[in-house]
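Residue numbers (the working numbering), protein chains in the order written: chain R, -19 to 161; chain F, 4 to 213.
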Amino acid sequence: MPKVLFVVIFSFFCTQVNAHLLKVFAYSQPVNSADDLLVKGKVYFAGGERLGSAPIDILTTQGNSIKQLMTDNQGNFTFTLPVADYTIIVKTNDGHRATWAIKSATTTIKPILNIPAQDELISHRQMSDMFALQLAAQIAPLSEQINDLQDKAKYQDIIGAIGYIFGAFGLFTWFRQRKTS
Amino acid sequence: MAHIPEGVVSTPILILGIIGAGLAVSYGLKKLDNDKIPQAAMLSAVFFIASLITFPVGPSSIHLLFNGLMGLMLGWAAVPAIFIALVLQLMFFGYGGLLVLGVNTFNMAFPAIVIAIFLRPFLLQQLAQNRIPSRRFAITIGAAAGSIGIILTTLLLSASLVFSGQEFAPMLNVILATNVPLMIIEAVVTAFIVSFLVRTSPSTFNVVTN
Chain R
-19 MPKVLFVVIF SFFCTQVNAH LLKVFAYSQP VNSADDLLVK GKVYFAGGER
31 LGSAPIDILT TQGNSIKQLM TDNQGNFTFT LPVADYTIIV KTNDGHRATW
81 AIKSATTTIK PILNIPAQDE LISHRQMSDM FALQLAAQIA PLSEQINDLQ
131 DKAKYQDIIG AIGYIFGAFG LFTWFRQRKT S
Chain F
4 MAHIPEGVVS TPILILGIIG AGLAVSYGLK KLDNDKIPQA AMLSAVFFIA
54 SLITFPVGPS SIHLLFNGLM GLMLGWAAVP AIFIALVLQL MFFGYGGLLV
104 LGVNTFNMAF PAIVIAIFLR PFLLQQLAQN RIPSRRFAIT IGAAAGSIGI
154 ILTTLLLSAS LVFSGQEFAP MLNVILATNV PLMIIEAVVT AFIVSFLVRT
204 SPSTFNVVTN
């Protein structure tokens, strides 16, 4: 038992605590006057290790496969498709599977590029479109950071879960004792 | 590897897994002796933690399982211990899924049952003769438990995937590449733990006195 205790305590000091979970992350930005969607993403195990040469399948909302590609050595991938909603699916051969949904509505705003030459002032609507476009490009890396933060297995979670494990066995003991007495 | 996520396994396998796991857990709870409860809780926590420490190997990542060790130490009681750890891993970290919980429990607990039935009696017999088993014996039985745990889990995992319609050949390549090193590591670690426990506190293995 001391050995087992040692293993439990030792594991708290391991710097790399990874969830053993395959994940795919992607963000998109409009290109070609917002007719197409440039999607960049990565495939990785939660906690950080990238998964190179993983097969990726891109499905339309109807569930048809529209494009297949592989991640590069660093687990990154890039593709361009007409603006629409897509689902990215990654499957490994040993039973891992991960999905990510791309929503075109939240990422693309058709910018109005043909500003009338006779009027140097741009309308309120054009202005807000341009801001939205800029903003989308700016927050893309930020959303990646948030995603990374959420993936980290948190020490509070681990300690809490161990508490639940002992609690469950404690409840079971109590149940047993009530039955026998 | 060992935790199959939702949406991979076909419905008949899901149902089989739920039935198998349900029977095994209820029988395991029946066999869980009052004296063994703290040990079961402790090993459940070890199992829970072991899955969080992963190593990248080839095209996948691996982690220790300890289901061999649990089978050797707890016998049938390893099944509810594994089940509870899997439930907590699902709730806290999203490993596996609710519907495949049965399949995952069965894949990891069945090897523990096999070890409890076929290997544990040898160890208990040695301990019952009231002498400390030789170091070689402890290391052998520990290594056997560790490797059998991984081999059987791998076989069950492959079977669950194959019967769900996955192609066999590419899967076999990945699984062999990742699970052979895992089997060796698990055998070494389990052998080390068992030989240590047998020599320092043999009562850990046979608190059941009936």
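Ideal placement from N, C-alpha and C gives every residue a C-beta, glycine not left out.
A straight line joining the alpha-carbon of M45 of chain F with that of V11 of chain R spans about 55 angstroms. For A190 of chain F, the CB contacts under 6 angstroms within the same chain, skipping 5 residues up- and downstream, are A146, G149, S150 in chain order.
Counting only the Cα atoms, F152 of chain R lies some 12 angstroms from Y144 of chain R. For the C-beta of V177 of chain F, the chain R residues within less than 8 angstroms are, from N- to C-terminus, T72, N73, D74.
Positions of the beta strand (DSSP E) runs, each at least 3 residues long and wholly inside the region 54 to 130 of chain F, are given as 57 to 60, 63 to 66 in order along the chain. Counting only residues of its own chain and dropping the five nearest sequence neighbours on each side, D37 of chain R has a CB closer than 7 angstroms to the CB of S45, Q48, I69.
Excluding residues up to 5 positions away in sequence, D65 lie with their Cβ nearer than 6 angstroms to the Cβ of T41 of chain R in the same chain. Residues of chain R whose Cβ lies closer than 9 angstroms to the Cβ of L160 of chain F are, in chain order, D74, G75. Proximity of G10 of chain F to chain R, defined by a Cβ-Cβ separation below 8 angstroms, is satisfied.
Under the Cβ distance rule, Y144 of chain R counts among the residues neighbouring chain F, one pair being separated by less than 8 angstroms. In the DSSP assignment, A6 of chain R falls within the unbroken beta strand (DSSP E) covering 2 to 11.
Taken atom to atom, the span from the alpha-carbon of A34 of chain R to that of F25 of chain R is near 12 angstroms. Sequence-distant Cβ neighbours of G105 of chain F in its own chain, meaning closer than 6 angstroms and more than five residues away, are G20, I21, A24.
In the DSSP assignment, K20 of chain R is bridged to R:Y7, R:T58. Listed by position along chain R, the residues whose Cβ is nearer than 9 angstroms to that of F109 of chain F form an empty set, because the closest Cβ is around 14 angstroms away.
By the neighbour-count criterion, in which a residue is buried when 16 or more other Cβ atoms sit within 10 angstroms of its Cβ, P173 of chain F is exposed. The continuous alpha helix (DSSP H) containing I145 of chain R extends over residues 135 to 160.
Think of a sphere of 8 angstroms around the beta carbon of A81 of chain F: no beta carbon from chain R falls inside it, the nearest being about 13 angstroms out. Close partners of A141 of chain R in chain F (Cβ separation under 7 angstroms): F51, L91, F95.
Under the 8 angstroms criterion on CB atoms, N209 of chain F is classed as non-interfacial with respect to chain R.
K47 of chain R has R:I38 as its beta-bridge partners, per DSSP.
With fewer than three CB-CB distances shorter than 8 angstroms, the region 108 to 117 of chain F does not count as touching the region 127 to 140 of chain F.
Those residues of the region 15 to 42 of chain F placed with their C-beta closer than 9 angstroms to a C-beta in chain R are L32, L35, N37, I40, P41, Q42, ordered along the chain. Separation of the CB atoms of L1 of chain R and Y30 of chain F is rounded to 30 angstroms, and the pair is thereby denied contact status at 8 angstroms. Within the same chain, A6, S8, L17, V19, D65, Y66, T67, I68 come within 8 angstroms of I82 of chain R by CB-CB distance, once the 5 residues on both sides are set aside. Excluding sequence positions up to five before and after V28 of chain F, its CB lies within less than 6 angstroms of the CB of V82, P83, F86, all in the same chain and listed in chain order. Nearest neighbour of V90 of chain F by Cα position, chosen from F:A115, F:F51, F:I18, turns out to be F:F51. With a contact defined as Cβ atoms closer than 8 angstroms, F171 of chain F and V165 of chain F qualify at about 6 angstroms. Listed along chain R, the residues sitting closer than 9 angstroms to S63 of chain F by beta-carbon distance are L2, F25, L31, T72, N73, D74, H76. Taking 8 angstroms as the upper bound for CB-CB distance, A119 of chain F and G74 of chain F are in contact here, some 5 angstroms apart. Within chain R, the C-beta atoms nearer than 9 angstroms to that of A88 of chain F come from A141, I145, in chain order. The beta carbon of L35 of chain F sits closer than 7 angstroms to those of A43, A80, P83, all from its chain and outside the five residues before and after it, given in chain order. DSSP places T203 of chain F in the helix class (H, G or I) of the three-state scheme. The C-alpha of F125 of chain F lies about 19 angstroms from the C-alpha of F69 of chain F. CA-CA distance, F149 of chain R to V49 of chain F, rounds to 14 angstroms. F208 of chain F is positioned such that its CB atom lies closer than 8 angstroms to that of M76 of chain F.
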